[in-house]
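> What follows is a structure written as structure tokens; I'll ask about it next.
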Amino acid sequence: MKYKARLSLDIFFKYVFKATGLLVLALLGGILAMLIYNSFSFFMDVKPLDFITGIEWNPTAKIPKYGMVPLILSTTIVTFGAMIIAIPLGIGTAAFISEYASPRLKNILKPTIEMLAAIPSVVIGFLGIVVVSPGIANLADLSNGLNALNGAILLAVMALPTIITVAEDAIHAVPKTYKEASYGVGATKWQTLRKVVIPAAAPGIIAAVMLGVGRAIGETMTVLMATGNASILPTGMFDSVKTMTATIAIEMGEVPYQTTHYFALYAIATVLFIMTLAANMLGEYFINRFRKYHAA
Amino acid sequence: MLRKSQKLTSVIEWGTLLLSTLLVCFFLVVVIWEIVSKGASQLSWEFVTQVPTDGMTKGGILTPIIGTVLLTLITALFSIPFGVACAIYLQEYAEDNWLTRTIRASIRNLSGVPSIIYGLFGLALFVQALQFGTSLIAAGLTLGLLSLPYIITTTEEALMRIPNSTREAALAVGATKFETIKDVIIPSAMSGILTGVVLTLSRAAGETAPILFTGAAFYINGTSGFVNQEFMALPYHLYMLSTQHQSIDEVRPIAYGTALVLIVVVFLLNLTAFYIRYKYRKNEN
Amino acid sequence: MKTKLSAENLNISFGTKHVLKNVNVSFAENEITALIGPSGCGKSTLLRSFNRMHDLSPDAKISGSLKLENLDLYSKTVPVTEIRKRIGMVFQKANPFPKSIFDNIAYGLKINNLPHDKGVIEKALREAFLWEEVKNDLKMPATRLSGGQQQRLCIARAVALRPEVILMDEPCSALDPVSTLKIEELISHLKEKYTIVIVTHNMQQAQRIADKTVFMYLGEVKEEGLTSQIFGNPVNEVTANYITGQFG
Numbered sequence: 003m004k005y006k007a008r009l010s011l012d013i014f015f016k017y018v019f020k021a022t023g024l025l026v027l028a029l030l031g032g033i034l035a036m037l038i039y040n041s042f043s044f045f046m047d048v049k050p051l052d053f054i055t056g057i058e059w060n061p062t063a064k065i066p067k068y069g070m071v072p073l074i075l076s077t078t079i080v081t082f083g084a085m086i087i088a089i090p091l092g093i094g095t096a097a098f099i100s101e102y103a104s105p106r107l108k109n110i111l112k113p114t115i116e117m118l119a120a121i122p123s124v125v126i127g128f129l130g131i132v133v134v135s136p137g138i139a140n141l142a143d144l145s146n147g148l149n150a151l152n153g154a155i156l157l158a159v160m161a162l163p164t165i166i167t168v169a170e171d172a173i174h175a176v177p178k179t180y181k182e183a184s185y186g187v188g189a190t191k192w193q194t195l196r197k198v199v200i201p202a203a204a205p206g207i208i209a210a211v212m213l214g215v216g217r218a219i220g221e222t223m224t225v226l227m228a229t230g231n232a233s234i235l236p237t238g239m240f241d242s243v244k245t246m247t248a249t250i251a252i253e254m255g256e257v258p259y260q261t262t263h264y265f266a267l268y269a270i271a272t273v274l275f276i277m278t279l280a281a282n283m284l285g286e287y288f289i290n291r292f293r294k295y296h297a298a
Numbered sequence: 003m004l005r006k007s008q009k010l011t012s013v014i015e016w017g018t019l020l021l022s023t024l025l026v027c028f029f030l031v032v033v034i035w036e037i038v039s040k041g042a043s044q045l046s047w048e049f050v051t052q053v054p055t056d057g058m059t060k061g062g063i064l065t066p067i068i069g070t071v072l073l074t075l076i077t078a079l080f081s082i083p084f085g086v087a088c089a090i091y092l093q094e095y096a097e098d099n100w101l102t103r104t105i106r107a108s109i110r111n112l113s114g115v116p117s118i119i120y121g122l123f124g125l126a127l128f129v130q131a132l133q134f135g136t137s138l139i140a141a142g143l144t145l146g147l148l149s150l151p152y153i154i155t156t157t158e159e160a161l162m163r164i165p166n167s168t169r170e171a172a173l174a175v176g177a178t179k180f181e182t183i184k185d186v187i188i189p190s191a192m193s194g195i196l197t198g199v200v201l202t203l204s205r206a207a208g209e210t211a212p213i214l215f216t217g218a219a220f221y222i223n224g225t226s227g228f229v230n231q232e233f234m235a236l237p238y239h240l241y242m243l244s245t246q247h248q249s250i251d252e253v254r255p256i257a258y259g260t261a262l263v264l265i266v267v268v269f270l271l272n273l274t275a276f277y278i279r280y281k282y283r284k285n286e287n
Numbered sequence: 057m058k059t060k061l062s063a064e065n066l067n068i069s070f071g072t073k074h075v076l077k078n079v080n081v082s083f084a085e086n087e088i089t090a091l092i093g094p095s096g097c098g099k100s101t102l103l104r105s106f107n108r109m110h111d112l113s114p115d116a117k118i119s120g121s122l123k124l125e126n127l128d129l130y131s132k133t134v135p136v137t138e139i140r141k142r143i144g145m146v147f148q149k150a151n152p153f154p155k156s157i158f159d160n161i162a163y164g165l166k167i168n169n170l171p172h173d174k175g176v177i178e179k180a181l182r183e184a185f186l187w188e189e190v191k192n193d194l195k196m197p198a199t200r201l202s203g204g205q206q207q208r209l210c211i212a213r214a215v216a217l218r219p220e221v222i223l224m225d226e227p228c229s230a231l232d233p234v235s236t237l238k239i240e241e242l243i244s245h246l247k248e249k250y251t252i253v254i255v256t257h258n259m260q261q262a263q264r265i266a267d268k269t270v271f272m273y274l275g276e277v278k279e280e281g282l283t284s285q286i287f288g289n290p291v292n293e294v295t296a297n298y299i300t301g302q303f304g
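Residue numbers (this note's numbering), protein chains in the order written: chain B, 3 to 298; chain Y, 3 to 287; chain F, 57 to 304.
This is the structure in structure tokens:
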């Protein structure tokens, strides 16, 4: 090829590559514009305060109710329950992989965790219906086990790989000298882990938890399939709940285009977006703090 | 005596951590066992080569298999070129300025956006604004957007591993920057890029929420695979059979079979990625 | 002796770091010139400025004139790829392409629109003393060669383009003594056809192969001349201290 042609190609592709970088900005911009525009349309009809503080969600009633407290409460209960299960298990597993497992065992455990992460959420949801639900119904003597507890168990399974991977990285990154200092004053491995390693890795572990929370809040299919989706104000783990994601998934298929109800679902999506963004940004903040702390 | 009790406590402590690890592994075992034990009997040549019949209570799952394959193909065709190109821009061209930092922040941000929101965006952009309607192409592009941040991140990591001396080698024999990237950097980073691509696609193939409103259909007749039409997909088929079908108990075996095929596809893709990664890590050492 | 390559009033800085200060130096045709000096003295920076490798660093600022005979190397009208074709480079660590041995040599020829048949490849490999070792494995990935072989492949890759000058940036620093001697022999042989500028940390190496030696210190050329004179009878005190190993 002639030099001129090569040079033109070189310049041409430089702009092509740059354009794809801008495409990413456009994508995020597009998502934000969509959320803002539709939420704004919704708030033309419904007062933001009524939306945020209303305790009844019933858009198809004669007098539609757009209170999202039940939805937020549902998401919160399920996520909270999931974290109660996933945090100790996740940190325990991370500590085991990082501190106790032999290299060979690590090479088995890490892909196992990745496989767990690879299971599609719809399959986990299916397991919620066929395994977890009958289990809960039997144990708690309920007619069915499609409730917040079921969702929490499933979301724990889904959040675990994220929590384990990030927490393991953090524990692994704790400088060896810390441990040696601890052993040097006669501490046992367990004491070292609890009093030295975990505190030193704390920001990284908090990050792991935040990223797990982000994952759990945004998860749709498992909660949609396993929590019963009753639009009530939930009071406990055995109540059926309808999370924000599930509400969007169920109702978007049924609403007429550009009605108040339609816009309302985008308003929920905006709240969802803000919540996951906050969780992820907190996670990122703690990861950066951890890195800075250990780089110094 | 003190020694003995110390030893006992340390065994208990070790056991606690081991137990949590085993419990996590147990989750995976439960999923696989439940689906394999109850889905295996369903699996047959007919099951994967026949279309659903009798209101989906009989027949196979060929239609959703074809749908998922085509859907993943569209996802790949969209997300790979754009994702790789964007990673090349960030890693090979971009200077450290506000624009680059904004792009990087956007990518981190996008990878945390819930998949249902991508579904809404696909609905607003492809189905409504661009008038594609609920269709294979709209759903494929939606999954393509969802996959973009993952492809970018993994490709960038692969490019980062290429030492600068490799770039200089090509420039020193008179290659332009683009030739350096095309002929030397991309081939060097290929296995890393491929690992990321396969993992991302396995994830996309199992996604349900983004295709709920963008084109997945409860049922379509025959095996239609036109990009402008609705389609059936394995994950959506499983969701539908286990929650929406009018005779849920009757179709439960088909649901198990569908779940089995879905996890086999996803696990095979993952194992492929692990294998590629294992091979190039071995080569690197 | 005819001057092949020269730098005049050359100043290079990266950001606020002034790396080369008013460097004036010239390299004669068909001679080997060694650039020596302690780490960070700017010898690699000087070397890399001749084939414009600093184009990659956005914060590099270059002033002064660099010439290949009468050609201004930083002139806007000369394509940088043309300059790199005429001024080849061999790097500190062997950096073969992730391609076969054959394609490693053919690649530069291909993109520069030059013939790249087997005869041309063979000639380049022979010139780099590598042909006999690889003639039956031309399709083999170059990464399977030993370190010394890889470095000779990189030299073959550079000579294949028939450059006028070959820049070498510590080409033996990652090699064992036997491979090093082999490459030194090769370099001495290559000067019949090419002008060679080599950066080295190894005093013995400079004395073994270089006709002339340039000693650099803190971004300046402190002393230059015949190798025998620099090592036998240095004028500058800093040079004397350096070559006797008092610092480095």
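For each residue, glycine too, the CB sits at the ideal point set by N, CA and C.
Assuming F275/B and M212/B are in contact, meaning their beta carbons sit under 8 Å apart, how far apart are those beta carbons, in whole angstroms?
Actually they are not in contact, since the Cβ atoms of F275/B and M212/B sit about 16 Å apart, beyond 8 Å.
> Mind checking which residues open and close the alpha helix (DSSP H) that includes A198/F?
Careful: A198/F lies outside any alpha helix (DSSP H) and carries neither H nor E.
> Which ranges does the alpha helix (DSSP H) cover as unbroken runs of at least 4 residues, wholly within the segment 147-227 of chain F, from first to last along the chain?
157-167, 174-183, 187-190 and 203-216
> Is T23/Y helix, strand or coil when you go by DSSP?
If DSSP states are grouped into helix, strand and coil, T23/Y belongs with the helices.
> Using a Cβ cut-off of 8 Å (strictly closer), state whether I167/F contacts chain Y.
yes
> Using the Cα positions of M58/Y and V26/Y, report the straight-line distance between them to the nearest angstrom.
Rounded to whole angstroms, M58/Y to V26/Y spans 35 Å at the Cα level.
> Taking only beta-carbon atoms, is Y17/B less than 8 Å away from chain F?
no
> Measure the CB-CB distance between A266/F and T59/F and report whether it falls below 8 Å.
no
> K60/Y bridges to which residues according to DSSP?
T55/Y
> Given a threshold of 16 other Cβ atoms within 10 Å of its Cβ, counted over all protein chains shown, does Q248/Y qualify as buried or as exposed?
exposed
> Counting beta carbon pairs with one atom in the segment 72-85 of chain F and one in the segment 257-266 of chain Y, are three or more of them shorter than 8 Å?
no
> Measuring only the C-alpha atoms, how far is T164/B from P205/B?
Here the C-alpha atom of T164/B lies approximately 15 Å from the C-alpha atom of P205/B.
> Using only CA atoms, which one of I68/F, L223/F, R142/F and K99/F lies nearest to V270/F?
Comparing Cα-Cα distances from V270/F to each of I68/F, L223/F, R142/F and K99/F, the minimum goes to K99/F.
> Could you give the residue range of the beta strand (DSSP E) that holds A84/F?
K73 to A84
> Taking 8 Å as the cut-off, decide whether the C-beta atoms of S117/Y and A211/Y are in contact.
yes
> If we ignore side chains and look at the alpha-carbon of each, how far apart do S135/B and V243/B end up?
14 Å
> How should F14/B be labelled, buried or exposed, when 16 other C-beta atoms within 10 angstroms of its C-beta is the threshold for buried?
F14/B is exposed by the Cβ-count criterion.
> Nearest to T247/B by CA position, among H263/B, M239/B, P258/B and V225/B, is which residue?
V225/B
> My understanding is that A261/Y touches V125/B, with C-beta atoms under 8 Å, so please give their C-beta distance in whole angstroms.
5 Å
> Could you tell me whether any Cβ in chain F is nearer than 8 Å to the Cβ of Y5/B?
yes
> Can you name the residues of chain F whose CB is closer than 9 Å to the CB of L11/B?
The contacting residues do not exist; L11/B stays about 11 Å from chain F at best.
> Just mark T236/F as buried or exposed, buried being the case when its beta carbon has 16 or more other beta carbons within 10 Å.
Flag for T236/F reads buried.
> Which of helix, strand or coil does DSSP assign to I118/F?
Collapsing the DSSP output to three states places I118/F in a strand.
> Starting from E253/B, follow the alpha helix (DSSP H) in both directions and report where the run begins and ends.
That run of the alpha helix (DSSP H) goes M246 to M254.
> Using the three-state DSSP reduction, which class does E279/F fall into: helix, strand or coil?
E279/F falls in the strand class under three-state DSSP.
> So G62/Y and V53/Y are in contact, right, with Cβ under 8 Å, and what is the actual spacing, rounded?
7 Å
> Could you list which residues in chain B have their beta carbon closer than 9 Å to that of P255/Y, in chain order?
Here the premise fails: no neighbours, minimum Cβ distance about 11 Å.
> Tell me whether Q28/Y is buried or exposed, calling it buried when 16 or more other Cβ atoms sit within 10 Å of its Cβ.
Note that residue 28/Y is Phe in the sequence shown, not Gln. It counts as exposed.
> DSSP on A141/Y, reduced to helix/strand/coil?
helix
> Is the number of C-beta pairs between the segment 43-50 of chain B and the segment 251-266 of chain B that are closer than 8 Å three or more?
yes
> With N65/F as the anchor, note down where its alpha helix (DSSP H) starts and where it stops.
Unbroken run through N65/F is the beta strand (DSSP E), T59 to F70; no alpha helix (DSSP H).
> How big is the Cα-Cα spacing for I99/B and T278/B?
28 Å
> Bridge partners of Y273/F, per DSSP?
E276/F
> Check whether chain B comes within 8 Å of P154/F, counting only Cβ atoms and requiring the distance to be less than that.
no
> In chain F, which residues lie less than 8 Å from L122/Y when you measure between Cβ atoms?
Neighbours of L122/Y on chain F: none; closest Cβ ~40 Å, over 8 Å.
> Starting from V222/Y, follow the alpha helix (DSSP H) in both directions and report where the run begins and ends.
One detail in the question is off: residue 222/Y reads as Ile in this sequence, not Val. Counting along the chain, I222/Y falls outside any alpha helix (DSSP H), and DSSP gives it neither H nor E.
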